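What follows is a single structure, written as structure tokens, with notes after it.
Numbering (full-length UniProt numbering), first residue to last: 1 to 310.
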């Protein structure tokens, strides 16, 4: 088994066809077929099921896909790390951001990376924290932000800050009777209708736990995992929501919602920067990580976010 065989194998899996893989790689089809046959003979398994419409990975093939991606990613990282020893960092970095932090981080991170690291190609992906942790372990993401630590999970993380959650409504009138002096005791939220992410979302779990501690149940009438649409629904009067100030941040002042800090209990969550501890970070990834940390700490120190640094 060698790296070329693994690259050919992944190309076949991704394209679902030996012919399409050969065209994408600009390698003769018989050569790719020979490498695949040799790989199957060496491993003693069938990696693809053949049909007139192409090929589909077998269960053994699916397992090799996971290994091959990690192996090739490690080889690429090693090459790029050594190439960049004497020059500015070189390579490709994938950085994952939870949806609630995308508005304040994605564009500044891209702009500062382009200015400071001209030889680095940055890909920013957005998802829920749980998916990001999985992508880190699978090697699909180099560095990511997570809510909460990941003890004994294969992920190394550092706490950057702690943020509080806020009640948000359409306008000031929507918070009347619930909030006083900019604060809303949790027990007063029970009569409200809420627009929140689904139960598998970390924010929803945190809110539900806090509701149980306050001795109430929340009336969630709409479940949707897109924060932009949650805010849109709240603006249209569909109900209230609970988000961080970072998630509620808007580039359009007219689109801003009215907010109140939740108290009794205060609802907090920690933001961590993380990477898989099974693979060393390239110099490029470390530099992108540093830029992201600088941006988040500066935002936390500016006051508007009301986030607390360690």
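Ideal Cβ positions, reconstructed from N, Cα and C, are used throughout, including at glycine.
In this text, all values refer to a predicted model and were calculated from it rather than measured experimentally.
For residue i versus residue j, is the C-beta distance shorter than 8 Å?
i: residue 194; j: residue 264; result: no
i: residue 10; j: residue 65; result: yes
i: residue 139; j: residue 69; result: yes
i: residue 167; j: residue 242; result: yes
i: residue 89; j: residue 119; result: yes
i: residue 55; j: residue 49; result: yes
i: residue 306; j: residue 208; result: no
i: residue 61; j: residue 282; result: no
i: residue 269; j: residue 148; result: yes
i: residue 74; j: residue 96; result: no
i: residue 299; j: residue 143; result: no
i: residue 247; j: residue 227; result: yes
i: residue 43; j: residue 5; result: no
i: residue 250; j: residue 174; result: no
i: residue 24; j: residue 32; result: no
i: residue 133; j: residue 155; result: yes
i: residue 179; j: residue 115; result: no
i: residue 57; j: residue 72; result: no
i: residue 100; j: residue 217; result: no
i: residue 202; j: residue 129; result: yes
Residue i bridges to which residues according to DSSP?
i: residue 54; result: 51
i: residue 169; result: 258
i: residue 127; result: 98
i: residue 273; result: 145 and 158
i: residue 93; result: 122
i: residue 308; result: 162
i: residue 180; result: 183
i: residue 268; result: 164
i: residue 263; result: 185
Can you tell me whether residue i is buried or exposed? The criterion is at least 16 other CB atoms within 10 Å of its CB, across all chains shown.
i: residue 211; result: buried
i: residue 26; result: exposed
i: residue 35; result: buried
i: residue 197; result: buried
i: residue 94; result: buried
i: residue 200; result: exposed
i: residue 188; result: buried
i: residue 172; result: exposed
i: residue 107; result: exposed
i: residue 214; result: buried
i: residue 267; result: buried
i: residue 79; result: exposed
i: residue 236; result: exposed
i: residue 102; result: buried
i: residue 28; result: exposed
i: residue 204; result: buried
i: residue 52; result: exposed
Rounded to whole angstroms, how far is the Cβ of residue i from the Cβ of residue j, which I believe are closer than 8 Å?
i: residue 273; j: residue 112; result: Their Cβ separation, rounded to whole angstroms, is 15 Å, which puts residue 273 and residue 112 out of contact at 8 Å.
i: residue 297; j: residue 234; result: Not quite, the Cβ-Cβ distance comes to about 29 Å (not below 8 Å), so this is no contact.
i: residue 137; j: residue 13; result: Contact flag wrong, Cβ pair sits at about 20 Å.
i: residue 222; j: residue 105; result: About 27 Å separates the two Cβ atoms, so there is no contact after all.
i: residue 287; j: residue 117; result: 6 Å
i: residue 239; j: residue 309; result: Incorrect: roughly 33 Å between the Cβ atoms, too far for contact.
i: residue 157; j: residue 146; result: 6 Å
i: residue 125; j: residue 109; result: Not quite, the Cβ-Cβ distance comes to about 12 Å (not below 8 Å), so this is no contact.
Say yes only if the C-beta of residue i is nearer than 7 Å to one or more non-hydrogen atoms of the ligand ADP, and no if none qualify.
i: residue 24; result: Looking at this structure, you won't find the ligand ADP or any other ligand, since it has none at all.
Any C-beta of chain B sitting closer than 8 Å to the C-beta of residue i?
i: residue 55; result: Protein chain content of the structure displayed is limited to a single chain, and chain B is not contained in it.
Could I get the ranges of all uninterrupted beta strand (DSSP E) runs contained in the region 183-250, with 3 residues as the minimum, in chain order? Unbroken beta strand (DSSP E) runs of no fewer than 3 residues, entirely contained in the region 183-250, are found at 183-185, 193-196, 219-223 and 241-244, following chain order.
List in chain order: all unbroken alpha helix (DSSP H) runs of 4+ residues lying wholly within the region 278-305. 283-302
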